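In full-length UniProt numbering, the protein residues as written are 36 to 724.
Where a beta carbon is used, it is the ideal one built from N, C-alpha and C, also for glycine.
A quick note: this is a predicted structure, and the numbers were derived from the prediction, not measured.
In what follows, a single structure is set out as structure tokens and then discussed.
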Ligand code: SF4
């Protein structure tokens, strides 16, 4: 059969938050090719291996095609049932549990993979239909620390800059951000400006570090000390923007005395960097006309994640590197629509960045929805890890999991498995079957995936892009949106919450009204405009250009953030520090990329990177199969790669693989503010399997 496309559909990549525009070619309705959209401003026609093979996912083996139920309860097989029966069972079982244990005994965990219109619908359905407050996304495993850090510093979430700022900055400082593997197409935006200086802070010699003019191989979790040390030097040498601070920033006096202790000597001892390097980086950053700081999971995945973000924001504030061309403290998000979830749903705020505890915000939202104000929650419900903890304590008795795979992606997995085993009713809604999480499911709902539904994603730079369908869902699979409406119908709330809705465009129109006049204002754009123009950025190219911040007094706030030792220090038994991360070929738990033969062949198994000095000490050889053990559990049969990419005393493992799952050994410790897990810096030992 010819692979030459007869139709090309414009859409947006459904993996990472770069938000590449693409064209998918179909022939007789079947996907046969994918290529970058040359007119799209984000990627100018380029795609990474995941994007280039994304269309192959649609017809990959293992798609979920029919609802399934364990009729005989746990321990019995999942058996096909009708949609009618599936929705009836779901509503009845959850209703019975809520009657006995209260509305909040339902926990819902969604994902940054849904389109914004689905998030918006799901938030309303959970809060006002099922009447549970306990709704969160796997985005909490990813960028909740960035959300909290922005709120601490500026009074609101919202990455202030754009990719264009990364391109035009004199200095780009990347902290804990291996974009060459995780956001590959963003690398094309680096080094375009002649003389641009790229500085990469990472304990590991990542592919991104190899691109840098200056790589700072800091000791694990010493980034806060480095950032405070840079602030110390900037203040000491007058490399700050006094006028900007006077007009737009508060907390300077306290901050000056706080960073006085972060002398170059002290910071050198904490980070392992030389004093000369620390002085050099501070000078480069402070003397740059425009300086951009980008970060990802090296910062966010930490018990101090929210505060680390605030400490990074401090640097931008004291130098006035915010709201100007080439200047921003910029969180590079993870999933294709992590931004859409945090703007439109109930996870960390009321829709439209409204505050749970602000009476005006609540009143306005209630009026828009024509509901009583009392129906809106006054505080956020349980965050993802707290839903799991509540399940362990048997307070959450029903869990609905949508398009995510916690049995691979959650830290300290055995505790999560225990939670699912003891939960009375577990529903898993996914595009693939089986997934490891479905081992614990009582009910499986088959969902459409990217390429089979329509809506919008919002990328890291607040760019809303159009997502289009070019294929029909397999078998009886339905879009998440249709499943939500079906449940609303069953609950008897469809007419009240979603009157007359039949497509995601109906949700879009209402979300536009709800976001109108808010910081994340979607009301000015039509779907057509977004599609034609390669996306539109809410808030424009950058936020805070006028120096006004959404705090009560309009000023950004400097935070004093001490660099604390990480939770699990190595000892004589567990003598290595494990960091986890990704590889370019795979997406999260490989539900999708593992099903694409080309990607699976490129990277079929997990591995462990170890420095030659440690390998020699442990008498291990290249490609040995090893066991990685922590205080909690162990993972066996991992390929050893002996390499100078990691420093002595540290090891690294990718987190994608269910078969050799790094999350068996990772630590269940969470940021007290953002609730994001500390996936990194776990003490482990390694031995031959
Ligand atoms: Fe998709 Fe991200 Fe790759 Fe672009 S860089 S093609 S958005 S996975």
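Residue i, buried or exposed, once every other Cβ within 10 Å from all chains shown has been counted against 16
i: residue 607; result: exposed
i: residue 428; result: exposed
i: residue 245; result: exposed
i: residue 645; result: buried
i: residue 296; result: exposed
i: residue 38; result: exposed
i: residue 356; result: buried
i: residue 370; result: buried
i: residue 599; result: exposed
i: residue 603; result: buried
i: residue 597; result: exposed
i: residue 633; result: exposed
i: residue 548; result: exposed
i: residue 42; result: exposed
i: residue 292; result: exposed
Cβ-heavy atom distance, residue i to the ligand ATP, below 7 Å
i: residue 172; result: The ligand ATP is not among the ligands present in this structure, which contains only the ligand SF4.
Any non-hydrogen atom of the ligand SF4 closer than 7 Å to residue i Cβ
i: residue 220; result: yes
i: residue 85; result: yes
i: residue 492; result: no
i: residue 728; result: With the chain running from 36 to 724 in the structure shown, residue 728 is simply not present.
i: residue 177; result: no
i: residue 82; result: yes
i: residue 440; result: no
i: residue 717; result: no
i: residue 51; result: yes
i: residue 78; result: yes
i: residue 48; result: yes
CA nearest to the CA of residue i, picked from the options
i: residue 76; options: 199, 319, 645; result: 199
i: residue 110; options: 227, 478, 135; result: 478
i: residue 462; options: 82, 128, 149; result: 128
i: residue 209; options: 320, 307, 133, 311; result: 320
i: residue 152; options: 724, 377, 330; result: 377
i: residue 488; options: 531, 499, 540; result: 540
i: residue 344; options: 358, 206, 329; result: 329
i: residue 414; options: 423, 381, 353; result: 381
i: residue 616; options: 112, 213, 597; result: 213
i: residue 326; options: 293, 360, 294, 700; result: 360
i: residue 338; options: 391, 353, 548, 179; result: 179
i: residue 386; options: 531, 551, 537; result: 551
i: residue 406; options: 207, 349, 164; result: 164
i: residue 40; options: 440, 572, 58; result: 58
i: residue 68; options: 666, 486, 267; result: 486
i: residue 237; options: 219, 261, 274; result: 261
i: residue 168; options: 416, 189, 663; result: 416
Distance CB(residue i)-CB(residue j) smaller than 8 Å
i: residue 44; j: residue 494; result: no
i: residue 183; j: residue 709; result: yes
i: residue 374; j: residue 553; result: no
i: residue 624; j: residue 443; result: yes
i: residue 434; j: residue 472; result: no
i: residue 476; j: residue 512; result: no
i: residue 698; j: residue 674; result: no
i: residue 141; j: residue 148; result: no
i: residue 289; j: residue 592; result: no
i: residue 85; j: residue 50; result: yes
i: residue 419; j: residue 175; result: yes
i: residue 467; j: residue 703; result: no
Endpoints, the alpha helix (DSSP H) within which residue i is located
i: residue 259; result: 258 to 271
i: residue 133; result: 118 to 136
i: residue 564; result: 562 to 567
i: residue 294; result: 287 to 294
i: residue 186; result: 179 to 189
i: residue 241; result: Premise fails: residue 241 is in no alpha helix (DSSP H) and is neither H nor E.
i: residue 343; result: 340 to 354
i: residue 366; result: From DSSP, residue 366 is part of no alpha helix (DSSP H) but of the beta strand (DSSP E) over 363 to 366.
i: residue 455; result: 448 to 457
Start and end residues, beta strand (DSSP E) containing residue i
i: residue 250; result: 249 to 251
i: residue 66; result: 65 to 71
i: residue 501; result: 498 to 502
i: residue 154; result: No beta strand (DSSP E) contains residue 154, which is instead part of the alpha helix (DSSP H) from 151 to 159.
i: residue 529; result: First-last for residue 529: 529 to 532, but that is the alpha helix (DSSP H), not the beta strand (DSSP E).
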